[in-house]
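Read through the structure below, which is laid out as structure tokens, and then see the notes.
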Amino acid sequence: MLDIAALHELLAPLFPGLMGIHFVELAVNRVTAELEVRPDLCTSEGILHGGAYMAFADTLGAVGTGLNLNKGKRQATTDSSTKFIAPAKVNTKITGESVALHRGRTTMVWQTTIRNNEGKLCAVVTQTQLVLDRVSTRTA
Numbered sequence: 001m002l003d004i005a006a007l008h009e010l011l012a013p014l015f016p017g018l019m020g021i022h023f024v025e026l027a028v029n030r031v032t033a034e035l036e037v038r039p040d041l042c043t044s045e046g047i048l049h050g051g052a053y054m055a056f057a058d059t060l061g062a063v064g065t066g067l068n069l070n071k072g073k074r075q076a077t078t079d080s081s082t083k084f085i086a087p088a089k090v091n092t093k094i095t096g097e098s099v100a101l102h103r104g105r106t107t108m109v110w111q112t113t114i115r116n117n118e119g120k121l122c123a124v125v126t127q128t129q130l131v132l133d134r135v136s137t138r139t140a
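Those letters in the sequence shown? Residues 1 to 140, by the working numbering.
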């Protein structure tokens, strides 16, 4: 299984790395991470943008799915549902915990709860990941 340092290195040049997602725990049925609520991730009101919540949660669920994929498989998010409950203010930290609700052969479902630095629930995101065969990029 991929360790946290290797995951950070893999994601550093990609969107999750640009967002600043910091993984805390990786397990086949649970992934946790933190994110600093920077001004560039906020609305003009100084609260975390809804799209940032969604991207944060999508990343956690995708990482969780990736930890469960068999060799030769890949994944894609097919749907995601977000319930916004409370704001996260600029210059604070949020924590996300994504747990597997279903880890099947063709789909996986993950639910991510996101809390602010006071522990208050900010959002709940449920997503479905489709498990696909990896497409070969080699040419004949």
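We put the CB at the ideal spot given by N, CA and C, even for glycine.
Could you round the C-beta distance between residue i and residue j to whole angstroms and report it? I think they count as a contact, below 8 Å.
i, j, result
"LEU35", "ILE85", "In fact, because the Cβ distance is near 17 Å, the residues do not count as touching under 8 Å."
"ALA57", "THR112", "4 Å"
"THR82", "THR128", "No, THR82 and THR128 are not in contact; Cβ-Cβ is about 13 Å, not under 8 Å."
"CYS33", "HIS22", "Before going further, note that residue 33 is Ala rather than Cys in the sequence given. Indeed they touch by this definition, with Cβ atoms about 6 Å apart."
"LYS73", "VAL135", "That belief does not hold up - the Cβ atoms of LYS73 and VAL135 are roughly 11 Å apart, past 8 Å."
"GLN75", "ALA62", "7 Å"
Identify the continuous beta strand (DSSP E) that holds residue i and give its terminal residues.
i, result
"ILE4", "ILE4 -> not in any beta strand (DSSP E); alpha helix (DSSP H) instead, spanning 4-11."
"LEU130", "121-133"
"LEU26", "22-27"
By alpha-carbon positions, which one of the options ends up nearest to residue i?
i, options, result
"SER80", "THR126, PHE15, ALA33 and LEU26", "THR126"
"GLU196", "THR107, ALA88 and PHE15", "There is no way to answer for residue 196, as the model of the chain reaches only from 1 to 140."
"VAL124", "PHE15, ILE114, LEU69 and ILE47", "ILE114"
"SER98", "LEU14, GLU9 and ASN29", "ASN29"
"THR65", "CYS122, LEU18 and VAL109", "VAL109"
"GLY20", "LEU121, ALA76 and THR59", "THR59"
"ASN116", "THR106, THR107, ARG103 and ILE47", "ILE47"
"ASN68", "GLU9, LEU41 and THR106", "THR106"
Taking the alpha helix (DSSP H) that residue i falls in, what are its first and last residues?
i, result
"LEU18", "15-19"
Next item on the list: May I have a chain-ordered list of the beta strand (DSSP E) segments no shorter than 3 residues that lie completely inside the region 43-110?
Entry: 73-84 and 93-103
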